[in-house]
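**Student:** First to last, the sequence lines map onto chains A and B.
Residue numbers for the first sequence follow the working numbering, so the first one is 1 and each next one is one higher.
Residue numbers for the second sequence follow the working numbering, so the first one is 1001 and each next one is one higher.
Dropping the structure in here first, questions after.
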Amino acid sequence: MRSRPLWRLAVHAILVLAALIMVVPLLWIVLTAFKERNEVFALVPQWLPAHPTFINFIGVLDAMPFWRYYWNTIVVAFGLLAIQLVTITLAAYAFARMEFWGRDVLFILLLVQLMIAPQSTVIQNYITLTGLGLLDTRLGIMAPYLASAFGTFLLRQTFKTIPKELEEAASLDGCGGLRFLAHVAIPLALPGYLAFALVSLTYHWNEFFWPLVITETNKARTLTLGLGIFAQTAEGTADWTMLMAATLMVIAVPLMFFLVFQRRFINSFMQSGLGG
Amino acid sequence: MKRIVEPKVPARILLETGAMDVRLRAKTWRRALSLARPYLYLLPTFFFLFIFTHYPILKTFYMALFKWNLATPKKQFVGLNNYIQAYSTPLFWEVLGNNVLFAVGTVPITLALALALALLINQKIRGLAIYRALLFYPTMVPMAAAAMIWLWILTPNYGLLNYYGRWVGLPDIHWLGHNRLAIWALVLVGVWKRVGYYMVIYLAGLQVIPEHLYEAAIIEGAGPWHRFWRVTFPLISPTTFFVATMAVIDSFQAIDQVYLMTGGGPGNATNLFIFYIYQNAFRFFDFGYASAVSAVLFLILLALTVLAFRTLHRRVHYA
């Protein structure tokens, strides 16, 4: 090995540069959000706001039903997660630990969901949900995701690792079936649940296209969608400070959670890549 | 299984009182239940899966055979006409070309950067967690928010990119309004958003390469360059292939940034597949034609995904 310290320095230099490039956009919106409206038109960009102000954030709250969007997003993301946890637990348990006729075929039918792009079924799901009277509702936003092949797949892997003897012993003690699931299998699979929860929450907190298609009014719209609609009015008037304030308000809480629990988040996403 | 303890009552009495009958029925019930149990567990998942995944796939192919738009509100069977219409529409080919260009622009750059960063981070260096978090965080940012950020950075005249671009001699460009450059602005956003995610997948791949292979290579006198091309690169090539396929699929699903940053323009220079489907279905209300285009996209993505799954399989054998 050649001069190690020098090599180390080079590695750090490259990584600092890369990290800087990645972070600059975030930094730039944070700083812009605290500027006064006319400051941004300077031909030489000023990094720090001359007179830091909260006026943009207040303006956003006046200009769009921000809290309604927020509430809708929370209901959609967490409500969906709650239902998904039930569907994936039951299905994963059946696939992992039971013998039954047609298991392999059903498993492939499940994996179909992983293999197709959700966007290619948007038209049909729009028609179906309109027929069910779920157009422009939060339930309509959740509907296509109530069953999760990814979650079932992930949990199935975990459930499979529970030794058969443990189940037999529990069964002899009168702790079979659903009680075994509740008292033994689920507690053992908690890391898998956490990974799934983080990926699911992030995905649905961030989702834009499907909510765009299935909503018509602000009744059910989520944050990202509200941001997009706001942008189309703000962009025309070049109201960048307000737009950046709104963007910051949309991403702040999830990003903070990420920074605190970054290792867990990253590990969860790693698994999502391996699961499909 | 718990054994049922038989009470010492003569069978005749049981039969006469009907108790035997009840017990037999309970036994049959229990048997039936245990046979049905797996299906009961699967019922919720497959109920939703059928309505929102299987049925729409089949129905898309079915609907593609009909003319159904504003001019023809009553569905009319037209056979393969919608496919022929796509085939003979120049815009369809332009959209396909745009999407291929977008994929070719995004995927190799993202993957090369992701691998390079993963290699740098995969050493025992200080501040690893911080670097990893700062490189990964765009994955957490909604594409809609990323689109806003980059709209602002790419703004003509007083945008950040134009200002610092001047330093390296770039002309003042309205990136998103430029016929040929607009799609590269979308590529830039795509790379920024995804590179951290693929870096993390690469990290997972790098960490399973056995340490002793590197030790052996060092004993053989292989330098870092050789070690990369002879050990690392071949051993992570299944990861690369898998990630590349996923990334291509990803680029065929891009819509948020198109919708929010360019609206498919200027002209149709950034009109990508999903946006084209969206336009036809929800702006021109041509559901039949939009279904046919969806069906084509479905087949393209299915082919790519089958490829990815087979690679994943091979990777499992490797490890």
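For each residue, glycine too, the CB sits at the ideal point set by N, CA and C.
Cα separation between residue 1030 of chain B and residue 1038 of chain B?
**Tutor:** 14 Å
**Student:** Closer than 8 Å is the cut-off here; do at least three beta carbon pairs connect the segment 1097–1109 of chain B with the segment 178–196 of chain A?
**Tutor:** no
**Student:** Looking at chain A, is there any beta carbon in it that lies within less than 8 Å of the beta carbon of residue 1059 of chain B?
**Tutor:** yes
**Student:** I'd like to check one pair, residue 223 of chain A with residue 32 of chain A: are the Cβ atoms closer than 8 Å?
**Tutor:** no
**Student:** Helix, strand or coil: which one does DSSP assign to residue 157 of chain A?
**Tutor:** helix
**Student:** To the nearest whole angstrom, what separates the beta carbons of residue 1292 of chain B and residue 1055 of chain B, a pair I think is in contact under 8 Å?
**Tutor:** About 18 Å separates the two Cβ atoms, so there is no contact after all.
**Student:** Listed from N- to C-terminal order along the chain, which residues in the segment 1130–1153 of chain B have their beta-carbon within a distance smaller than 9 Å of any beta-carbon of chain A?
**Tutor:** 1130, 1131, 1132, 1133, 1134, 1135, 1136, 1137, 1138, 1139, 1140, 1141, 1142, 1143, 1144, 1145, 1146, 1147, 1148, 1149, 1150, 1151, 1152 and 1153
**Student:** Report the residue ranges of all beta strand (DSSP E) runs contained in full by the segment 101–137 of chain A; include only those spanning at least 3 residues, in chain order.
**Tutor:** none
**Student:** Quick one: measure Cβ to Cβ for residue 1063 of chain B and residue 1287 of chain B, integer angstroms, because I've assumed they're closer than 8 Å.
**Tutor:** Taking 8 Å as the upper bound for CB-CB distance, residue 1063 of chain B and residue 1287 of chain B are in contact here, some 7 Å apart.
**Student:** Whole angstroms is fine: what's the gap from residue 263 of chain A's alpha carbon to residue 62 of chain A's?
**Tutor:** 37 Å
**Student:** Grab me the residues of residue 83 of chain A's own chain with a C-beta within less than 8 Å of its C-beta, minus the 5 sequence neighbours each way, in chain order.
**Tutor:** 142 and 146
**Student:** Between residue 107 of chain A and the rest of its own chain, which residues show a CB-CB distance below 8 Å, the 5 nearest in sequence each way excluded?
**Tutor:** 95
**Student:** If the cut-off is 9 Å on Cβ atoms, which residues from the segment 1281–1296 of chain B count as contacting chain A, listed in chain order?
**Tutor:** 1281, 1282, 1287, 1290, 1291, 1294 and 1295
**Student:** When the Cα of residue 15 of chain A is compared with those of B:1024, B:1057 and B:1114, which residue comes out closest?
**Tutor:** B:1114
**Student:** Between the C-alpha atoms of residue 1245 of chain B and residue 272 of chain A, what's the straight-line distance to the nearest angstrom?
**Tutor:** 15 Å
**Student:** DSSP three-state label for residue 1076 of chain B, please.
**Tutor:** strand
**Student:** Can you tell me whether DSSP reads residue 1067 of chain B as helix, strand or coil?
**Tutor:** Secondary structure of residue 1067 of chain B (DSSP, three-state): strand.
**Student:** Distance check for residue 1283 of chain B and residue 1067 of chain B, CA to CA, integer angstroms please.
**Tutor:** 16 Å
**Student:** Residues of chain B with a CB under 9 Å from the CB of residue 41 of chain A: which are they?
**Tutor:** Correct list: 1157 and 1158.
**Student:** Answer with buried or exposed for residue 1047 of chain B, where buried requires no fewer than 16 other C-beta atoms within 10 angstroms of its C-beta.
**Tutor:** The residue in question, residue 1047 of chain B, is exposed, as its Cβ has fewer than 16 Cβ neighbours within 10 Å.
**Student:** Helix, strand or coil: which one does DSSP assign to residue 98 of chain A?
**Tutor:** coil
**Student:** With a threshold of 16 other CB atoms inside 10 Å of the CB of residue 258 of chain A, please say whether the residue is buried or exposed.
**Tutor:** The residue in question, residue 258 of chain A, is buried, as its Cβ has 16 or more Cβ neighbours within 10 Å.
**Student:** Can you give me the C-alpha to C-alpha distance between residue 1183 of chain B and residue 1033 of chain B, rounded to a whole angstrom?
**Tutor:** 58 Å
**Student:** Determine the burial state of residue 1229 of chain B: buried for a count of at least 16 other Cβ atoms within 10 Å of its Cβ, exposed for fewer.
**Tutor:** exposed
**Student:** Taking the continuous alpha helix (DSSP H) assigned at residue 1215 of chain B, which residues delimit it?
**Tutor:** Going by DSSP, residue 1215 of chain B is part of the alpha helix (DSSP H) stretching over 1211–1219.
**Student:** Let me know the secondary structure DSSP gives residue 36 of chain A once reduced to three states.
**Tutor:** coil
**Student:** Does any residue of chain A have a CB that is nearer than 8 Å to the CB of residue 1234 of chain B?
**Tutor:** No, no contact with chain A.
**Student:** Do the segment 19–38 of chain A and the segment 1134–1141 of chain B touch if we need at least three Cβ pairs shorter than 8 Å?
**Tutor:** Touching, yes.
**Student:** With 16 as the cutoff for other CB atoms within 10 Å, does residue 1074 of chain B come out buried or exposed?
**Tutor:** exposed
**Student:** For residue 1298 of chain B, decide whether its Cβ has a neighbour in chain A, counting only Cβ atoms nearer than 8 Å.
**Tutor:** yes
**Student:** According to the neighbour-count rule (16 or more other Cβ atoms, all chains shown, within 10 Å of its Cβ), is residue 1157 of chain B buried or exposed?
**Tutor:** exposed
**Student:** Mind checking whether residue 1250 of chain B and residue 208 of chain A have CB atoms under 8 Å apart?
**Tutor:** For residue 1250 of chain B and residue 208 of chain A, no; Cβs fall outside 8 Å.
**Student:** Could you tell me which chain A residues have their CB closer than 9 Å to the CB of residue 1247 of chain B, listed as they occur along the chain?
**Tutor:** Result: empty, since nearest Cβ-Cβ is about 11 Å, beyond 9 Å.
**Student:** For residue 270 of chain A, which three-state DSSP category applies?
**Tutor:** Helix at residue 270 of chain A.
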